Amino acid sequence: MKTIRMSIIGFGAVGQGVAKVLIDKKDYLESIGLDFKVVAIADSRTAVVDLNGVDLTAAISRKSAEGTVGSEKTTGLEIIETIDHELVVETTPTNIVTGGAGLHNMLMAFKHGRDVVTSNKGPLAMKYGELMETSNASGSVFRFEATVGGAMPVLNLARDVLAGNKITNVEGIFNGTCNYILTRMMEEHAPYGQMLAEAQELGYAETDPTYDVEGIDTACKLVILANCVFGMNATHEDVTITGITKITPEALLLAQNDGYVIKLIGEVNDSRINVAPKLVPIDHPLAVGGSLNVASVQTDLSGPITVTGRGAGSIETASAILSDMISIYRE
Amino acid sequence: MRVSMDIELKDIPGQLLLALRPVSEFKGNLISVVHHHEKRTPRGTIPVQIVFETKPDNLNNIISSLEESDIGIARIDEKRYFEHGAVILIGHIVHTDIQDTIDTIDNTGYAEVVDLNLSMPKIKMPSSASLKIDAVSKEHLASAIELLKDIAKKKDLLVIEPIKSELGAV
Numbered sequence: 613m614k615t616i617r618m619s620i621i622g623f624g625a626v627g628q629g630v631a632k633v634l635i636d637k638k639d640y641l642e643s644i645g646l647d648f649k650v651v652a653i654a655d656s657r658t659a660v661v662d663l664n665g666v667d668l669t670a671a672i673s674r675k676s677a678e679g680t681v682g683s684e685k686t687t688g689l690e691i692i693e694t695i696d697h698e699l700v701v702e703t704t705p706t707n708i709v710t711g712g713a714g715l716h717n718m719l720m721a722f723k724h725g726r727d728v729v730t731s732n733k734g735p736l737a738m739k740y741g742e743l744m745e746t747s748n749a750s751g752s753v754f755r756f757e758a759t760v761g762g763a764m765p766v767l768n769l770a771r772d773v774l775a776g777n778k779i780t781n782v783e784g785i786f787n788g789t790c791n792y793i794l795t796r797m798m799e800e801h802a803p804y805g806q807m808l809a810e811a812q813e814l815g816y817a818e819t820d821p822t823y824d825v826e827g828i829d830t831a832c833k834l835v836i837l838a839n840c841v842f843g844m845n846a847t848h849e850d851v852t853i854t855g856i857t858k859i860t861p862e863a864l865l866l867a868q869n870d871g872y873v874i875k876l877i878g879e880v881n882d883s884r885i886n887v888a889p890k891l892v893p894i895d896h897p898l899a900v901g902g903s904l905n906v907a908s909v910q911t912d913l914s915g916p917i918t919v920t921g922r923g924a925g926s927i928e929t930a931s932a933i934l935s936d937m938i939s940i941y942r943e
Numbered sequence: 004m005r006v007s008m009d010i011e012l013k014d015i016p017g018q019l020l021l022a023l024r025p026v027s028e029f030k031g032n033l034i035s036v037v038h039h040h041e042k043r044t045p046r047g048t049i050p051v052q053i054v055f056e057t058k059p060d061n062l063n064n065i066i067s068s069l070e071e072s073d074i075g076i077a078r079i080d081e082k083r084y085f086e087h088g089a090v091i092l093i094g095h096i097v098h099t100d101i102q103d104t105i106d107t108i109d110n111t112g113y114a115e116v117v118d119l120n121l122s123m124p125k126i127k128m129p130s131s132a133s134l135k136i137d138a139v140s141k142e143h144l145a146s147a148i149e150l151l152k153d154i155a156k157k158k159d160l161l162v163i164e165p166i167k168s169e170l171g172a173v
């Protein structure tokens, strides 16, 4: 049995999802010879540290009852710096202006030779080159499948599964909130504002939906794809972006009469990175409804390979994190 | 443009080569040749159907060259536009002179607006329109959509174009 000491930095929905998945999959992980021992968890205000292994069930209960994970006033950054462990799971909130706490956490982890698995897009969309250089220099493994499309495996598909193929283009739907709003607008012939309100009520959209509906979230994911799959050194300023706020129910109906649906499509290839509403034929693999994500990877040897899946959700995102963790440490 | 042509060849060796040479000389791209050797026209010639792509300017040269070689042309069917595309426009489409938008595409010579559906919900609210564009090739269709996007930018209209794999051109 291989024991991997790890920390969870950021204990919101995704961080708690990771803890839940580790509890649920304990037997399976042991069956493949892996014991992930969580030695510390930090949220934005508190932390819990136990070198013998934090009681994950108690940590989740305490977080839901009291709003904090522990009583220690240690920060995530201090945990990464001072506690001896191999793996940092970085699940703090995304900040695409500065890279946020996540950027400092990741750089600190690499400085100490720790591996990092993250769902946090901000640092990768802002400072991809610096993060890669630092992790390579320290010999740390850095994985971030969960940053693009949650449970939908697009990065590892392009990088590992399709190894040997030249990827010429990736296009898809990378934001479930926009997809939900457009799908509902078409179903109900209702205006954008009304369906945004519905999405907010159901918890699909944030109170400030700008990040999703203006296409910024999709742009960040495309930047990560551009850098990871196409070897660019792009930031979100290199993306041309049009959001969905101007789409009308009449436009959706006219498109439907011509055999199309309107979707917010992100596209990346070696010449451009673009986010815009596009016409997708109704019977095309990219025409998925509801809050689903989908990506079509165009390859030279295999033609188009299309994957679809839930782009968000704490357990779905945690599943992508778990898959990265396993792929690092499995023999 | 794509041209389908029925020609008549004398039943002597070398006639087919003679008939196809002008197409390649004037940079036409042969798509198919159907040689009905078992059939005869009332004039005793062999009917051949050829289909090729060429630039409109070169078609007259090809016809003249065939006539000079004494090859009879029974029928010419030009299909100028054989790529079809659809786009959606959103904004103040009518107030920003829809006629001018259409004319700009039509005046390219390689693409044409062939259908327009307009939906105007209320005065002062943005309209939506679906536009069908026919063009001589995939590349020209892509160029026409790029041109439409330029116009739309000036007129503050949103253009929703088909996904890349649908459009077929880079």
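Keeping their order, the protein sequence lines are chains U and D. The working numbering applies: residue 613 is where the first sequence begins, and numbers increase by one. The working numbering applies: residue 4 is where the second sequence begins, and numbers increase by one. Idealized CB from N, CA, C, for every residue including glycine. Small disclaimer: the values here were computed from a predicted structure and weren't measured.
Any chain U beta carbon closer than 9 Å to residue i
i, result
"residue 155 of chain D", "no"
"residue 54 of chain D", "no"
"residue 127 of chain D", "no"
"residue 172 of chain D", "Note that residue 172 of chain D scores a pLDDT of 37, beneath 50, so its modelled location is shaky and nothing firm can be said."
"residue 161 of chain D", "yes"
"residue 146 of chain D", "no"
"residue 108 of chain D", "no"
"residue 112 of chain D", "no"
"residue 149 of chain D", "no"
"residue 105 of chain D", "no"
Cutoff 9 Å: residue i Cβ touching any chain D Cβ
i, result
"residue 945 of chain U", "Here chain U comprises residues numbered 613 to 943, so residue 945 of chain U is not present and cannot be evaluated."
"residue 806 of chain U", "no"
"residue 793 of chain U", "no"
"residue 888 of chain U", "yes"
"residue 914 of chain U", "no"
"residue 848 of chain U", "no"
"residue 740 of chain U", "no"
"residue 854 of chain U", "yes"
"residue 870 of chain U", "yes"
"residue 787 of chain U", "no"
Coarse secondary structure for residue i, derived from DSSP in three states
i, result
"residue 58 of chain D", "coil"
"residue 561 of chain U", "Here chain U has residues from 613 to 943 only, and residue 561 of chain U is not among them."
"residue 164 of chain D", "strand"
"residue 787 of chain U", "coil"
"residue 630 of chain U", "helix"
"residue 95 of chain D", "coil"
"residue 129 of chain D", "coil"
"residue 41 of chain D", "coil"
"residue 173 of chain D", "Unreliable placement is indicated for residue 173 of chain D, whose pLDDT of 34 sits below 50; no coordinate value is reported for it."
"residue 664 of chain U", "coil"
"residue 774 of chain U", "coil"
"residue 88 of chain D", "strand"
"residue 796 of chain U", "helix"
"residue 723 of chain U", "helix"
"residue 635 of chain U", "helix"
"residue 759 of chain U", "helix"
"residue 72 of chain D", "coil"
Cut-off 6 Å between Cβ atoms - residues of its own chain near residue i, not counting five sequence neighbours on either side
i, result
"residue 616 of chain U", "648, 698, 699, 941"
"residue 172 of chain D", "Reliability fails at residue 172 of chain D, whose pLDDT of 37 lies under 50, so the model's placement of it is uncertain and no value is given."
"residue 785 of chain U", "791, 875, 905, 906"
"residue 768 of chain U", "757"
Close-in-space but distant-in-sequence residues of the same chain around residue i (CB under 7 Å, 5 per side omitted)
i, result
"residue 888 of chain U", "854, 877"
"residue 702 of chain U", "621, 622, 714, 717, 718, 728, 730, 732"
"residue 669 of chain U", "635"
Alpha helix (DSSP H) segment containing residue i, residue limits
i, result
"residue 24 of chain D", "18 to 28"
"residue 109 of chain D", "101 to 109"
"residue 1027 of chain U", "The requested residue 1027 of chain U is not part of the displayed model; chain U covers only 613 to 943."
"residue 735 of chain U", "733 to 750"
"residue 114 of chain D", "Unbroken run through residue 114 of chain D is the beta strand (DSSP E), 114 to 122; no alpha helix (DSSP H)."
"residue 8 of chain D", "First-last for residue 8 of chain D: 5 to 12, but that is the beta strand (DSSP E), not the alpha helix (DSSP H)."
"residue 639 of chain U", "638 to 643"
"residue 805 of chain U", "804 to 813"
Beta strand (DSSP E) segment containing residue i, residue limits
i, result
"residue 646 of chain U", "646 to 654"
"residue 140 of chain D", "From DSSP, residue 140 of chain D is part of no beta strand (DSSP E); its letter is neither H nor E."
"residue 905 of chain U", "904 to 911"
"residue 622 of chain U", "Where residue 622 of chain U is concerned, there is no enclosing beta strand (DSSP E), given that its DSSP letter is neither H nor E."
"residue 81 of chain D", "75 to 82"
"residue 31 of chain D", "Counting along the chain, residue 31 of chain D falls outside any beta strand (DSSP E), and DSSP gives it neither H nor E."
"residue 922 of chain U", "915 to 922"
Cutoff 8 Å; reference residue i; Cβ partners in own chain excluding five residues on either side
i, result
"residue 892 of chain U", "872, 873, 874, 875, 877, 898, 899"
"residue 15 of chain D", "none"
"residue 42 of chain D", "49, 50"
### Query
Quick one: complete alpha helix (DSSP H) runs, 4+ long, within the region 815 to 901 of chain U?
Runs found: 822 to 825, 828 to 842, 861 to 869.
*Mind pulling the beta strand (DSSP E) runs of 3 or more residues that sit fully within the region 670 to 704 of chain U?*
Complete beta strand (DSSP E) runs here, min 3: 699 to 702.
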